[in-house]
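Heads up: the sequence shown at position 165 corresponds to 149 in our numbering, and the numbers run straight through without jumps.
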Amino acid sequence: MTATDGSVATAATADPRFAAARQVADAVLLEGYVLYPYRASAAKNRLRWQFGVLVPPAWGPAHGEHACQRTEVLMEPKGDATLALELRFLHAQRRTVQRALDGGGFAEVDELHLADRVLVPWDEGTEEHVELTVPVAELTGDGVTVPFTRPARDDIETVVGDDGRAAGRLVRRTEEIEGVLRLRAVELDGAYRVFRLTAVVENTSPWTPGAGAAAGSDAVVAADREAALPRSLVAAHLLLGLDSGSFLSMTDPPEWAREAVAACENLHTWPVLAGEAGRADVVLSSPIILEDHPAIAPESAGAMYDATEIDEILALRTAALTDQEKREARGTDARAAAVIDLADSLPPEVLERLHGAVRSLREVTGPDGREQITEIPDEEAVFRPDTPWWDPAGADTADPARDRITVDGAPVGPGSRVLLRPGPRRTDAQDLFLHGRAALVEAVLHDVDGGVHLAVTVEDDPGADIRREQGRFLYFQPDEVTLLEDA
-15 MTATDGSVAT
-5 AATADPRFAA
5 ARQVADAVLL
15 EGYVLYPYRA
25 SAAKNRLRWQ
35 FGVLVPPAWG
45 PAHGEHACQR
55 TEVLMEPKGD
65 ATLALELRFL
75 HAQRRTVQRA
85 LDGGGFAEVD
95 ELHLADRVLV
105 PWDEGTEEHV
115 ELTVPVAELT
125 GDGVTVPFTR
135 PARDDIETVV
145 GDDGRAAGRL
155 VRRTEEIEGV
165 LRLRAVELDG
175 AYRVFRLTAV
185 VENTSPWTPG
195 AGAAAGSDAV
205 VAADREAALP
215 RSLVAAHLLL
225 GLDSGSFLSM
235 TDPPEWAREA
245 VAACENLHTW
255 PVLAGEAGRA
265 DVVLSSPIIL
275 EDHPAIAPES
285 AGAMYDATEI
295 DEILALRTAA
305 LTDQEKREAR
315 GTDARAAAVI
325 DLADSLPPEV
335 LERLHGAVRS
345 LREVTGPDGR
355 EQITEIPDEE
365 AVFRPDTPWW
375 DPAGADTADP
385 ARDRITVDGA
395 PVGPGSRVLL
405 RPGPRRTDAQ
415 DLFLHGRAAL
425 VEAVLHDVDG
435 GVHLAVTVED
445 DPGADIRREQ
455 GRFLYFQPDE
465 VTLLEDA
């Protein structure tokens, strides 16, 4: 067994099998790290580190947070297979800002204004790695236990002003972290050589929260979490790789393995097949839910630290920030500064590429746009109605502008006044607020399944004329309206 618990994974130690999965793993590592508008003063950046936070055991259970995560997957190793593992997480370091005093020395301040940025206190995240390579045979029995430590340290960075003199300094304090990684493999009974691999990552730091008469108050709880975070494993996740053999999908396993997969216990993590599509030798165990073989959109120009957002929207909004807002963002974090520079430098052709893509069409047409259909369906298998409802030559042509339907024995069509009575079966909660309101029917629409929908505008709606001009209506079914008597 070989293990490395250094804070930086070098090209020599990083497993090449992880290369294709690392881009997604990086997105997991930094998901929500700093959010638009990328300033420390923004409300959404006040509460940090929401995903995969493994806190000291003395803090977690009493406050709904966790000190460990457990991954269980099934694997089919071949021969003398070797397992490569990489634990990745962020180590929060607390940064304070000090201003240089005229008479010498430094004083802590809330802001330090420079020409291009405004420096503020902030918790930075430094990447940490624990790497392990072990034969699968050594994982049986009691398995393998690997403790690791990240020592406390202090760093000071001098900040130079436009005049070349020291304007202040950044003081970074990193607290000690202690943890342990436990691995164990158990061969399952059955016709196939299948192992259940269990990987447990645990924060074992001995730190305890502050005590006192007001220990239960919200202020103290918040302060204790702030103290716990620098001693936590943030965004913790695992990369697992086999040099010979494969893992089974935990979301879409073969039929014979479904019962064994259902028996696996995954706590605070979600393992999926990773790397190139079609391969099964790498697993990413993530604190956020992913699908097998997740991938970063090829249109993405760079990390914006919010993978649940749309890059185009983030890029345009970020570029539209004021100069002062950009100075604050640049002073918040180096990664935030990189986002600002990226948004300001995106050429038009890249922005146009961010506008959207239809992934599903590639299965039919391929990346080059050429058709890839290899089998022509049987003539009898293709449904061809003699008189489609959309055929202008049909005798029963739909005409939303003139069509009428019968509601409670009376004709209802464009121009009819109705009372809206949406039922509880409706899934749109907004419609329930319109119960009892009078509305004007604008059109009668028929869908391909034979359903009928009434397009309406609500009376006394100041935007009704705009909705009518743009064709943006509210839609109700005939049993959700009653005809008003004065109609």
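Ideal placement from N, C-alpha and C gives every residue a C-beta, glycine not left out.
CA-to-CA distance, residue j to residue i, given in whole angstroms
| i | j | result |
| --- | --- | --- |
| residue 332 | residue 321 | 21 Å |
| residue 132 | residue 407 | 59 Å |
| residue 41 | residue 58 | 28 Å |
| residue 22 | residue 34 | 16 Å |
| residue 230 | residue 78 | 41 Å |
| residue 177 | residue 110 | 40 Å |
| residue 134 | residue 237 | 38 Å |
| residue 246 | residue 219 | 25 Å |
| residue 166 | residue 405 | 60 Å |
| residue 459 | residue 429 | 9 Å |
| residue 31 | residue 50 | 17 Å |
| residue 296 | residue 339 | 6 Å |
| residue 262 | residue 252 | 27 Å |
| residue 415 | residue 299 | 34 Å |
| residue 241 | residue 168 | 19 Å |
| residue 92 | residue 29 | 22 Å |
| residue 217 | residue 126 | 25 Å |
| residue 303 | residue 85 | 35 Å |
| residue 457 | residue 444 | 14 Å |
| residue 273 | residue 455 | 38 Å |
| residue 209 | residue 26 | 19 Å |
| residue 174 | residue 228 | 20 Å |
| residue 75 | residue 213 | 8 Å |
| residue 450 | residue 311 | 40 Å |
| residue 293 | residue 16 | 10 Å |
| residue 268 | residue 308 | 40 Å |
| residue 239 | residue 254 | 20 Å |
First and last residue of the uninterrupted beta strand (DSSP E) at residue i
| i | result |
| --- | --- |
| residue 329 | First-last for residue 329: 318 to 329, but that is the alpha helix (DSSP H), not the beta strand (DSSP E). |
| residue 389 | 389 to 391 |
| residue 415 | Per DSSP, residue 415 belongs to no beta strand (DSSP E); it is in the alpha helix (DSSP H), 413 to 416. |
| residue 244 | Counting along the chain, residue 244 falls outside any beta strand (DSSP E), though it belongs to the alpha helix (DSSP H) covering 242 to 246. |
| residue 161 | 161 to 171 |
| residue 6 | No beta strand (DSSP E) holds residue 6; the alpha helix (DSSP H) holding it covers 3 to 14. |
| residue 472 | Given a span of -15 to 471 for the chain in the structure shown, any question on residue 472 remains unanswerable. |
| residue 465 | 465 to 467 |
| residue 120 | Per DSSP, residue 120 belongs to no beta strand (DSSP E) and is neither H nor E. |
| residue 90 | 90 to 93 |
Neighbourhood of residue i by C-beta distance below 7 Å, restricted to the same chain and skipping five residues each side
| i | result |
| --- | --- |
| residue 153 | 82, 90, 140, 141, 142, 143 |
| residue 301 | 20 |
| residue 226 | 59, 61, 65, 67, 265 |
| residue 44 | 50, 51 |
| residue 128 | -15, 118, 122, 167 |
| residue 315 | 101, 102, 103, 104 |
| residue 423 | 402, 404, 440, 441, 442, 443 |
Endpoints, the alpha helix (DSSP H) within which residue i is located
| i | result |
| --- | --- |
| residue 431 | Taken as a continuous stretch (DSSP letters only), residue 431 belongs to no alpha helix (DSSP H), as it is neither H nor E. |
| residue 302 | 295 to 303 |
| residue 449 | 448 to 454 |
| residue 335 | 332 to 337 |
Distance between beta carbons of residue j and residue i, contact taken as under 8 Å
| i | j | result |
| --- | --- | --- |
| residue 24 | residue 104 | 5 Å |
| residue 249 | residue 1 | Contact flag wrong, Cβ pair sits at about 26 Å. |
| residue 425 | residue 399 | 7 Å |
| residue 284 | residue 221 | Actually they do not touch by this definition, with Cβ atoms about 20 Å apart. |
| residue 47 | residue 72 | Residue 47 to residue 72, Cβ: 24 Å. No contact. |
| residue 317 | residue 18 | 5 Å |
Beta-carbon proximity list for residue i, same chain, < 6 Å, skipping 5 on both sides
| i | result |
| --- | --- |
| residue 138 | 157 |
| residue 96 | 81, 83, 103, 152 |
| residue 233 | 257, 276 |
| residue 448 | 441 |
| residue 164 | 131, 186, 188 |
| residue 69 | 116, 224 |
| residue 193 | 43, 208 |
| residue 259 | 4, 5, 266 |
CB contact check: residue i to chain D, cutoff 8 Å
| i | result |
| --- | --- |
| residue 105 | Looking for chain D here will not work: only one protein chain is present. |
Proximal residues to residue i (C-beta, below 8 Å), its chain only, five neighbours per side dropped
| i | result |
| --- | --- |
| residue 215 | 39, 40, 159, 160, 161, 187, 189, 191 |
| residue 121 | 64 |
| residue 420 | 403, 404, 405 |
| residue 235 | 256, 275, 276 |
| residue 436 | 389, 428, 429, 430, 461, 462 |
| residue 170 | 124, 179, 180, 182 |
| residue 392 | 466, 467 |
| residue 150 | 84, 142, 143, 144 |
| residue 397 | 386, 387, 388, 389, 425, 428 |
| residue 452 | 426, 441 |
Would you say the region 285 to 294 touches the region 319 to 329, given that touching needs at least three Cβ pairs under 8 Å?
-> yes
Hey, is the region 5 to 14 in contact with the region 185 to 195, meaning 3+ C-beta pairs nearer than 8 Å?
-> no
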